[in-house]
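>
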Amino acid sequence: MAFYSGKIVKEKVRKPSKLIPILVLLLLAAGGGSYVALQKYGVLEKIPLYRCYWDNSVSTIPANAQTGVRSISIEPGQDTLSIGQALVKKGIILNATDFLCYVRKIDAGNKIQAGYYEITLPVSLEQLVPLFQSARIPTVRVTLQEGLRMDEIAAKIQLAMGTESEIVRFSVTEFMNLATDKTVINALTYTKGKTSLEGFLFPDTYEIAKNATSKDVIDLLVNTFLKKVAVEPTFNSPKTFTPYQVVVMASLVEKEAGKSLEEKQMVAGILEKRIKSNWLIQVDAALLYEKKDWKATITSADLATISPYNTYKAKGLPPTPICNPGLESIQAVLTSKDSPYWFYLHGKDGVIHYARTNAEHEQNKSLYLR
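Numbering (UniProt numbering), first residue to last: 1 to 370.
1) When burial is assigned at 16 or more other CB atoms within 10 Å of the CB, is Thr189 buried or exposed?
2) Am I right that Ala332 and Val253 are in contact with their C-beta atoms under 8 Å? What's the rounded C-beta distance?
3) Near Met176, what residues of its chain come up, given a Cβ to Cβ distance below 8 Å and the 5 sequence neighbours on each side ignored?
4) Which value, in whole angstroms, describes the spacing of the CA atoms of Asn223 and Thr67?
5) In this structure, does DSSP put Arg356 in helix, strand or coil?
6) Under DSSP, the alpha helix (DSSP H) around Val333 begins and ends at which residues?
7) Mapping the DSSP letters down to three states, classify Thr120 as helix, strand or coil.
8) CB Ile106 to CB Ala86, shorter than 8 Å?
9) What residue does the beta strand (DSSP E) around Phe343 start on, and which one ends it?
10) Quick check on this structure: which residue in Leu345, Thr242 and Gln265 has the alpha carbon closest to the alpha carbon of Lys337?
11) I'd like the ranges of any alpha helix (DSSP H) spanning at least 4 consecutive residues and lying wholly in the stretch 222–266.
12) Does the distance from the CB of Tyr321 to the CB of Val267 come in under 8 Å?
13) Please report the residue range of the alpha helix (DSSP H) in which Arg104 lies.
14) Leaving out the 5 sequence neighbours to the left and right, which residues in its chain are closer than 8 Å to Ser59 when beta-carbon positions are compared?
15) Going along the chain, which residues of its own chain have a beta-carbon closer than 7 Å to the beta-carbon of Leu178, five neighbours each way excluded?
16) Mark Asn186 as exposed unless 16 or more other C-beta atoms lie within 10 angstroms of its C-beta, in which case mark it buried.
17) At what residues does the beta strand (DSSP E) containing Ser71 begin and finish?
18) Below 8 Å on the Cβ atoms is my guess for Ile157 versus Val142; work out the distance and round it to an integer in Å.
19) Under 8 Å, do Val229 and Leu327 count as touching if we go by C-beta distance?
20) To which residues of the same chain is residue 380 closer than 8 Å at the C-beta, ignoring the five residues directly before and after it?
21) Please say whether Ile330 and Glu263 have beta carbons closer to each other than 8 Å?
22) Tell me the DSSP bridge mates of Arg140?
23) So, do the stretch 339–356 and the stretch 267–276 have three or more beta carbon pairs nearer to each other than 8 Å?
24) Thinking just about the alpha-carbon of each residue, which of Gln113, Phe132 and Ala286 is nearest to the one in Asn324?
25) For the stretch 203–213 against the stretch 235–249, are there 3 or more C-beta pairs whose distance is under 8 Å?
26) Quick check: the stretch 232–240 against the stretch 195–204, are at least 3 beta-carbon pairs closer than 8 Å?
27) Please identify the residue among Tyr117, Val129, Gln127 and Leu125 whose C-alpha is closest to the C-alpha of Thr139.
28) Report, in whole angstroms, the separation of the C-beta atoms of Gln133 and Ile112, which I expect to be a contact under 8 Å.
29) What separation, rounded to the nearest whole angstrom, lies between the Cα atoms of Lys291 and Gly91?
30) Throw me the rounded Cβ distance for the Leu288 and Ala296 pair, which I believe falls under 8 Å.
31) In the structure shown, what three-state DSSP assignment does Asn177 receive?
32) According to the neighbour-count rule (16 or more other Cβ atoms, all chains shown, within 10 Å of its Cβ), is Leu367 buried or exposed?
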């Protein structure tokens with residue numbers, strides 16, 4: 001994951017001369033009783049240099065009376081004065097000199113950490129400066145359901161990240177470019193020579209740093225696949241398919257079967273039997289993948305399309321996974337169930353119906369689809 005380095009902010013502003021407070025007092029003394037008068041009527045407290053060098057308390061430093069939450073990023077190497085100016089611009093404090101002087105007064109200049117901060121207003125300097133001594137990166141919690149295409153994954157992460165925060169570096173465009181980049185694809189053994197990472201962006205619930213890049217997110221999803229799927233002994237030496245084909249098959253099962261492992265195993269067994277027997281597998285979800293719309297209506301024109309994803313015309317598996325399947329769908333392919341069935345459909349009653357023959361299948365269509 002990508003995080004701010006937490007490097008110490010360097011004190012770059014030259015310290016004012018120690019003569020300044022003396023000069024201020026001399027000027028005041030030159031006016032006779034003016035010093036007492038200025039102090040009596042609260043004028044001195046309004047002068048930042050007085051507050052900084054003469055008044056040792058911080059009670060005279062005014063806090064911003066605004067309410068709400070403000071965010072600010074402190075960059076590595078950013079000097080204290082520019083931090084103060086940024087705080088003023090953000091409406092967090094009233095005066096940058098007050099901030100600079102207070103930081104020096106408590107000797108915190110070399111303790112401020114680069115990072116991203118969210119500040120609840122109103123806040124005093126006594127409360128604010130300690131916050132900057134421990135960098136914090138906010139995270140977003142994202143649940144990526146089983147069966148999403150990689151473009152759907154990218155859109156969901158972008159929605160969670162938002163686009164307004166100044167630390168967000170995730171981009172849907174960059175994510176998609178990386179997921180189809182040959183160098184990135186070939187870095188993963190299972191996808192070497194393929195066209196994308198589709199199928200290998202593991203669905204799970206993630207805590208992602210808000211400053212994570214698109215590459216960070218892809219690495220996170222792929223590494224989770226490796227930790228949860230590639231460790232399965234049978235995945236690397238499946239009985240029928242290559243590991244890549246297992247993921248392709250699992251992606252079909254993910255979209256074609258219901259939630260239960262048993263149903264997934266049954267559908268996997270039927271599809272496997274069809275492939276071994278040189279039958280067309282006739283999977284609607286593969287056509288919908290090409291349409292990039294899972295809810296689209298499949299037309300007669302779609303069924304006549306010449307495409308490797310039209311499994312009503314092209315034999316065997318589609319060339320790539322059609323979604324990113326969950327662990328259970330992958331396990332279902334690795335432990336598929338043999339059965340006497342060759343056909344299946346999901347009826348309007350919400351139940352899957354199997355058939356041994358095409359005649360039985362047509363009867364099921366009449367009974368459960370109309």
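In this text, a Cβ means the ideal position worked out from N, Cα and C, and glycines have one as well.
In brief:
1) Note on Thr189: under 16 other CB atoms within 10 angstroms of its CB, so exposed under the neighbour-count rule.
2) Contact between Ala332 and Val253 is confirmed by a C-beta separation of about 6 Å, below the 8 Å threshold.
3) Cβ within range, chain order: Met150, Asp151 and Ala154.
4) The straight-line gap from Cα to Cα measures roughly 42 Å.
5) Looking at Arg356 - three-state DSSP - the assignment turns out to be coil, as it is neither helix nor strand.
6) Bounds of the alpha helix (DSSP H) holding Val333 are Leu327 to Leu334.
7) Strand.
8) Going by beta carbons, Ile106 and Ala86 fall outside the 8 Å limit.
9) Annotation for Phe343: the continuous beta strand (DSSP E) segment containing it runs Phe343 to His346.
10) Among Leu345, Thr242 and Gln265, the Cα nearest to that of Lys337 belongs to Gln265.
11) As far as the stretch 222–266 is concerned, its whole alpha helix (DSSP H) runs of at least 4 residues are 233–236 and 243–256.
12) For clarity, residue 321 is Pro in the given sequence; the question names Tyr instead. Not a contact, by the Cβ cut-off of 8 Å.
13) Ala96 to Lys105 is the extent of the alpha helix (DSSP H) around Arg104.
14) Residue confidence for Ser59 is low, a pLDDT of 48 falling below 50, so the modelled location carries little weight and cannot support an answer.
15) Once the five neighbours on either side are set aside, the close Cβ partners of Leu178 are Val184, Ser214, Lys215 and Ile218.
16) Asn186 is exposed by the Cβ-count criterion.
17) Here the beta strand (DSSP E) through Ser71 covers Gly68 to Ile74.
18) Yes, they are in contact, since the Cβ atoms of Ile157 and Val142 sit about 6 Å apart, within 8 Å.
19) Cβ distance < 8 Å, so Val229 and Leu327 count as in contact.
20) A query on residue 380 cannot be resolved here, the shown segment of the chain reaching from 1 to 370 and no further.
21) No, these two residues do not count as a Cβ contact at 8 Å.
22) Residue identity differs from the one stated: residue 140 is Val in this sequence, not Arg. In the DSSP output, where bridge partners are listed per residue, Val140 has Ile208.
23) As far as the Cβ criterion goes, the stretch 339–356 touches the stretch 267–276, which means the pair count is three or higher.
24) When only C-alpha atoms are compared, the closest one is Ala286.
25) By the Cβ test, the stretch 203–213 is not in contact with the stretch 235–249, since fewer than three Cβ pairs between them sit closer than 8 Å.
26) Taking a contact to require three or more Cβ pairs closer than 8 Å, the stretch 195–204 and the stretch 232–240 do not qualify as touching.
27) Relative to Thr139, the option among Tyr117, Val129, Gln127 and Leu125 whose CA is nearest is Tyr117.
28) Right, their Cβ atoms sit about 6 Å apart.
29) Cα to Cα, the separation comes out at about 48 Å.
30) That pair is a contact at about 6 Å.
31) Of the three classes helix, strand and coil, the one that applies to Asn177 here is helix, per DSSP.
32) Under this definition Leu367 is an exposed residue.
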